[in-house]
Amino acid sequence: MTPVLPLLAGALAMQVSGALAQAVSEEEELALVYGDKSTVSIATGTPQSLRRAPAVATVITAQEIAAMGAVNLDDVLETVPGIHVGRSNVNYTPLYLIRGIHSEFNPQTLMLQNGVPMTTMFIGNRGLGWGGLPVENIARIEIIRGPGSALYGADAYSGVINIITKNAADVAGTEFGVRAGSFDTKDGWVQHGGTLGPVDVAAYVRVGHTDGFKEIVGADAQTGLDALFMTSASLAPGPVNTGYDSVDGHLDLSYGQWRFRGGYKLRDNVESGAGVAAALDPVGRHRSERITADLSLGDLQIARDLRLGLMASYFHYTQKLTTPLQLFPPGAFGGAFPDGVFGAPNTWERHLRLSAVASYSGLEDHHLRLGLGHDNLDLYRTQEFKNFTIVTSGPAKGLPVPTPDGAVREFPVEESFLVPHGRKVTYVYAQDEWNFARDWTLTGGIRHDRYSDFGATTNPRAALVWDASLDLTAKLLYGRAFRAPALTEQHSINNPVIRGNPNLRPETIETLESAFAWQARPDTHVNLSLFRYRMKDIIRTTDVGEGTTMFDNVGTQRGHGVELEANWDVRHNLRLAGHYAYQRSTDETSGQDAGYAPHHQVFARMDYGFAGGWLFSAQAKHVADRKRAPTDLRQDDIADFTTADVTLRTTRGKDRWNLAASVRNLFDADVREPSLAPGVSLPDDLPMAGRSLYVQAVYRF
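The sequence shown lines up with residues 3 to 703 when you count with my numbering.
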């Protein structure tokens, strides 16, 4: 990084000095910044006006991603009303918390890539070896806050995030990019969009590395064990470990109505964050490999008013430890483990999905959408290495004891954490958009999913949209959604402390929303949404006696909130934007705050375009009033924080170059994300990155 930074900084200064001599029309500035944000597809499955979509939706374009200085998906989602990006202590995996719904691994938020779920079966989230998602190949991100199971099925619970990758038209040429920044972060990529005979081709390859930030944890789980065993084995105070290597690739081929997309995402040497067992681990390394492919035949007209779409997709996911996790450091448990406690659980999954959707517009004032599909989901291999077994009875139940020789060895599958399991899902859904009167549309939908393991679930939705005037649209929305149990919750074995429960039912949520879109002036847009929800059958652990807990459907939670956002085009080259989000969620068992998610979030942003195609962006976010969960032993609230980011970049590419420089957390705020109950393992929570900067150069031809 040392030689790269001065070179890029010098090039950036030369561009600034020459830019003022160039004149550019102000009308072009904001069009370059924001792109097309007027339509959305995620709400109904077909493109429609964002203002009239039957959902509370947000669209973020590639141009806007570049303007805000984002280099990772996490940076982007932090700017969306009602979303907060938290962290798990395991690998510092991001938690995309929507409207206050918090959990350890965040399986309640469904992430799609080009409409295909990215969910893994083991934990039910996007995988523990996530390692970030770069943004260079993203054309747009569409987000709905609120339930989406009536269209997307499992896990579209608190919201849905759909990442749409770039096609040949989005790239339109060849682009080389390099970036360097704090924490020894280095990235390089190339992408191309063009034609090969009659085929439209888009391709993307990126390679990156980061050492990750090294903020200090003052005390960890081993700190408490040291007090119990009168030892000093803990590595705390010590740094968290957040580095990783990355490779990303994507190929998009289009021929007529056929489209093939293939993707590759490798994360290697993924460090363990604050430790899988909440004890600092400087040696464990994850490796995750994600291979995706989908083939679709879209918009096939088979009759005058009838169109058909077909898709087949394949997903293979491997999650393994290249170096076993150091669950506890050398000298743990009174010196019983002189080299440390090590474990390496590995999983392999493959998913095959087939779907068909038909749309019919032959009935006056109606637009019907019918879909069906079948998913074959298979966690086909598990493997575990470790140097310990767990005491299953007596006063030491649940504590680890060394294997006879103390060495790390592979255990038979039936003695590991989980044996392979498969799951088949067949579903059918129907949706009708009915313009029953002038300026009124009623969208109704229902989906029925049948699972091979836990049975069937049916989830409806209804949305009434009224164009009250030329500048005001009002919506009333209802939806029901579900979250399928993860395999570890159903089938965890050989753990005397936490048992799996094959009789688990899915978690459910019912949400009622009202929303208003108001164009206050030609240059000012205001959106307001209010919501209320109730969650039932939440999967939590419950005491079954003798020091053992089991996953069960025992939790209920209710919540309500409001989200207000506004955009003001002060001039053609200046936009101000901001939002305020409030939520309060209550655990009905205890009657107390559900905990961990912020009650208040305030966001403000300015984008200013000036002569020569330069753009300066500044944004700030305030996160406030985060309570502890009822089962957390700590009495203090989680500290509030405010962060600020600034970015300077070109938008037009003089001599085919575009340059950017960005500083995140400009004022070096002490940002912490909550560690979970009971709070004795990581009592000071999870420290996040301090001030960081990067510079970037992109060459297009």
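All residues carry an ideal CB built from backbone N, CA and C; glycine is no exception.
Quick caveat, the model's predicted, so the values are computed rather than measured.
Short of 8 Å in beta carbon distance, which residues of its chain neighbour residue i, apart from the five on each side in sequence? Order them along the chain.
| i | result |
| --- | --- |
| Thr1 | This structure does not reach residue 1, given that the chain is present from 3 up to 703, and the question cannot be answered. |
| Gln24 | Interpretation of Gln24 is limited by its pLDDT of 36, a score under 50 that renders its predicted location unreliable; the figure taken from the coordinates is listed afterwards. Taken in chain order, the residues that qualify are Ala613, Gly614, Gly615 and Lys656. |
Is it buried or exposed, residue i, if we count other Cβ atoms within 10 angstroms and call 16 or more buried?
| i | result |
| --- | --- |
| Tyr429 | buried |
| Gly736 | Here the chain covers residues 3 to 703 and nothing more, so residue 736 does not appear. |
| Asp296 | buried |
| Asp441 | exposed |
| Phe703 | exposed |
| Lys623 | buried |
| Val92 | buried |
| Val572 | exposed |
| Pro705 | This structure does not reach residue 705, given that the chain is present from 3 up to 703, and the question cannot be answered. |
| Ile85 | buried |
Rounded to the nearest angstrom, what separates residue i and residue j at their Cα positions?
| i | j | result |
| --- | --- | --- |
| Asn229 | Leu237 | According to the sequence displayed, residue 229 carries Ala and not Asn. Cα-Cα distance, rounded: 14 Å. |
| Met3 | Leu329 | Model confidence at Met3 stands at a pLDDT of 37, short of 50, so the residue's coordinates are unreliable; what they give is reported in the following sentence. Near 33 Å, if we compare the C-alpha coordinates of Leu329 and Met3. |
| Asp687 | Val625 | 15 Å |
| Arg306 | His369 | 14 Å |
| Leu310 | Asp301 | 6 Å |
| Glu30 | Asp38 | Reliability of the predicted coordinates at Glu30 is poor, the pLDDT of 46 falling under 50, and the value obtained from them is presented with this limitation in mind. Going by the C-alpha atoms only, they are around 13 Å apart. |
| Ala662 | Val61 | 23 Å |
| Met690 | Pro676 | 11 Å |
| Gly133 | Glu273 | 9 Å |
| Leu312 | Asp451 | 19 Å |
| Ala620 | Trp260 | 42 Å |
| His353 | Ala486 | 16 Å |
| Trp520 | Asn529 | 6 Å |
| Gly342 | Pro331 | 4 Å |
| Thr394 | Asp76 | 41 Å |
| Asp539 | Phe390 | 35 Å |
| Thr644 | Val87 | 14 Å |
| Gly563 | Glu512 | 14 Å |
| Val556 | Ile541 | 6 Å |
Could you name the residues of the same chain whose beta carbon sits closer than 6 Å to that of residue i, not counting the 5 residues immediately before and after it, in chain order?
| i | result |
| --- | --- |
| Ala158 | Leu112, Gly150, Ser151 and Ala483 |
| Pro685 | Ala221 |
| Ser683 | Ala223 and Ala280 |
| Trp659 | Tyr701 |
| Asp595 | Lys629 |
| Ala57 | Ala45 and Ile146 |
| Lys477 | Val467 and Ala517 |
| Ser315 | Val118, Asp296 and Arg355 |
| Lys216 | Pro241 |
| Thr649 | Gly71, Ser619 and Ser664 |
| Tyr453 | Val427 |
Return the residue from the list the options that minimises the CA-CA distance to residue i.
| i | options | result |
| --- | --- | --- |
| Ser531 | Tyr480, Arg485 and Glu435 | Tyr480 |
| Glu590 | Gln559, Arg287, Pro508 and Arg352 | Gln559 |
| Leu474 | His423, Ile511, Pro462 and Thr526 | Thr526 |
| Phe262 | Gln433, Thr510, His252 and Leu365 | His252 |
| Asp639 | Gln621, Leu678 and Thr653 | Leu678 |
| Phe387 | Pro404, Pro397 and Asp380 | Pro404 |
| Leu282 | Gln259, Ser290 and Leu327 | Leu327 |
| Gly692 | Arg651, Ile85 and Asp647 | Asp647 |
| His104 | Asn127, Thr121 and Gln115 | Asn127 |
| Gly129 | Ala64, Ile304, Phe703 and Lys322 | Lys322 |
| Gly333 | Pro49, Phe231 and Gly597 | Phe231 |
| Val697 | Thr187, Val118, Gly47 and Glu416 | Thr187 |
| Ile165 | Asp455, Phe107, Leu135 and Pro462 | Leu135 |
| Asp609 | Val209, Ala409 and Asn575 | Asn575 |
What three-state label does DSSP hand residue i in the structure shown?
| i | result |
| --- | --- |
| Tyr159 | coil |
| Tyr94 | coil |
| His104 | coil |
| Ile495 | coil |
| Ala221 | coil |
| Ser619 | strand |
| Tyr154 | helix |
| Leu695 | strand |
| Val359 | strand |
| Phe669 | coil |
| Phe66 | With the sequence shown as reference, residue 66 is identified as Glu, and Phe is not the correct amino acid for it. Reduced to three states, the DSSP call for Glu66 is helix. |
| Ala398 | coil |
| Asp687 | coil |
| Glu417 | helix |
Could you name the residues of the same chain whose beta carbon sits closer than 7 Å to that of residue i, not counting the 5 residues immediately before and after it, in chain order?
| i | result |
| --- | --- |
| Pro422 | Leu381, Tyr382, Arg383 and Thr384 |
| Ser51 | Ser40 and Thr41 |
| Ala200 | The residue asked about is misnamed: residue 200 is Pro in this sequence, not Ala. Taken in chain order, the residues that qualify are Tyr257. |
| Ala458 | His450, Asp451 and Arg452 |
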